[in-house]
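**Q**
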Amino acid sequence: MTLMLAFQTIMLQNCDMFNETQKRRVAERLATELDEPSAEQVEKVGNLVFRVSALGVGRDVDYLLGVLDPESGADETIVKAAGICLTELAANN
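Just so we're on the same page, the working numbering is the position in the sequence shown counted from 1, plus 27.
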């Protein structure tokens with residue numbers, strides 16, 4: 028499975044708060060802007076995307092902050108993915 032397809036699948040399955048255009052745009056940005064993420068990082072990004080989407084309905088802020096905490100294993104890839112997702116979510120609201 029290509030990286031782009033993996034992120035498209037994540038967006039389609041997890042992101043009710045994003046419209047179709049945003050889902051495509053986020054998947055494209057994740058696939059092109061993240062530097063060769065590992066399978067574990069792709070999975071973490073999937074969880075992150077779900078949590079960011081839930082922010083649109085006022086939930087999961089604490090979880091998101093925990094995911095982004097370097098002490099909990101957050102790395103540059105996860106932080107960058109969060110920025111991409113949050114930017115698109117903000118544009119939607």
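Every residue, glycine too, gets a C-beta built ideally from N, C-alpha and C.
What separation, rounded to the nearest whole angstrom, lies between the Cα atoms of lysine 71 and alanine 118?
**A** Straight-line Cα distance between these residues: approximately 23 Å.
**Q** In whole angstroms, what separates the C-alpha of leucine 75 from that of leucine 95?
**A** When rounded, the distance between both Cα atoms is 9 Å.
**Q** Between the region 30 to 38 and the region 52 to 68, can you find at least three pairs of beta-carbon atoms closer than 8 Å?
**A** Cβ pair count under 8 Å is three or more, so yes.
**Q** Thinking C-alpha only, which one of Asn46, Glu47, Asp62 is nearest leucine 30?
**A** Of Asn46, Glu47, Asp62, the residue nearest in Cα terms is Asp62.
**Q** By how many angstroms is the C-alpha of glutamate 115 removed from the C-alpha of threonine 48?
**A** Straight-line Cα distance between these residues: approximately 10 Å.
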